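Everything below concerns the one structure shown next.
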Amino acid sequence: MSEHIYTVSGMTCGHCADAVTRGLQAIDGVSSVEVDVASGRVVVGSARPLTTAEVGAAITEAGYELVG
Ligand SMILES: [Cu+2]
Numbered sequence: 001m002s003e004h005i006y007t008v009s010g011m012t013c014g015h016c017a018d019a020v021t022r023g024l025q026a027i028d029g030v031s032s033v034e035v036d037v038a039s040g041r042v043v044v045g046s047a048r049p050l051t052t053a054e055v056g057a058a059i060t061e062a063g064y065e066l067v068g
């Protein structure tokens, strides 16, 4: 179990947070997602290491941007 912290831009409300959460939870091995809309901070817990590419792809697909 490891925890990864990302910054996502473009989220403005709870629906944005839900979309990002759903996208990240669809990644194999992801066990938890916590989103703070105001800061754009996203904490992802996972059973295996995640690549920036797969996390970025999931966030892009949800309509937002991984910035860090
Ligand atoms: Cu929104």
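Residue numbers for the sequence shown follow my numbering, so the first one is 1 and each next one is one higher.
Where is the CB? At the ideal position from N, CA and C, for every residue including glycine.
Values in this document were obtained by computation on a predicted structure and should not be read as measured data.
- For T21, DSSP assigns no beta-bridge partner whatsoever.
- For T60, the enclosing alpha helix (DSSP H) stretches over residues 52-62.
- Taking a 10 Å sphere around the C-beta of S39, we find fewer than 16 other C-beta atoms and assign the residue as exposed.
- Distance from the CA of G63 to the CA of P49, rounded to the nearest whole angstrom, comes to 23 Å.
- With a cut-off of 6 Å, the C-beta of T21 is classified as distant from ligand 1, since no heavy atom of the ligand falls inside that distance.
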